[in-house]
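Trainee:
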C-alpha cells in the first residue's frame, strides 16, 4: 500500500528569500505583541503582551518559523521554578526587528536562527569563551520566555 504525506516541503536552496514574509517592519515598533502563553498546568492562550524591553546588547527577533520539541512538551504541565506562565519555544528562526543601542542597526531585517541558551558572560567558563558550559546559563522557554 502506498502512503503519502500531506506535508509539502519547499526546497529552499539559494532562493530562501522567496519564503520570507513580505510585510514591513514597523517603525517605531509597537508596544504590544501577540504571543502564545502557557500557564502552569498546561493551558495555552493567545494573548497580547508587552513587547520585551531591549538591553543595550540585545536584538529583538520576530519569529517566522518555530518548533515545539519534546523538551518543551515535557514542561507544559510543570513549569520550571517560580514561573507561573511562559512563552514556550526555543527552536526558531526569524528576522531581527529591533536592536539595542550597542548593536549595529544594519542588522535590522536580517534573517537569523535562535540559540536557546543564554550564558551569563561572567562565570569562568564564559570568560574562557566556553559559553555552552556556562555555570549559570538560562534556557529560553523554560527559565525565560522564548
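Residue numbers (full-length UniProt numbering): 1 to 146.
Cβ coordinates follow ideal geometry from the N, Cα and C atoms, glycine included.
1. Return the bridge partner residues of residue 92 from the DSSP annotation.
2. Taking just the CA atoms, how far does residue 98 sit from residue 3?
3. Taking the alpha-carbon of residue 120 as reference, which of 130, 59, 112, 111 has the nearest alpha-carbon?
4. How would you label residue 44, buried or exposed, when you count the other beta carbons within 10 angstroms and need 16 or more for buried?
5. May I ask you to list the residues that DSSP assigns as paired with residue 54?
6. For residue 108, which residues of its own chain have a beta-carbon under 8 Å away from its beta-carbon, when the five flanking residues on both sides are left out?
7. What is the residue span of the alpha helix (DSSP H) that residue 126 lies within?
8. I need the straight-line Cα distance from residue 33 to residue 60, nearest angstrom please.
9. Taking residue 51 and residue 30 to be in contact with their CB atoms under 8 Å, please state how far apart those CB atoms are, rounded to whole angstroms.
10. Locate the beta strand (DSSP E) running through residue 32, then write down its first and last residues.
11. Helix or strand or just coil, what does DSSP make of residue 3?
Mentor: By the coordinates alone:
1. 66
2. In this prediction, residue 3 has a pLDDT of 47, which is less than 50 and means its spatial position is unreliable; what the coordinates show is noted afterwards. Straight-line Cα distance between these residues: approximately 45 Å.
3. 130
4. exposed
5. Answer is none; residue 54 lacks a bridge partner.
6. 25, 96, 97, 98, 99
7. 124-127
8. 12 Å
9. 6 Å
10. 32-39
11. Residue confidence is low: residue 3 scores 47 on pLDDT, short of 50, so the model does not pin down where it sits. No coordinate-derived value is stated.
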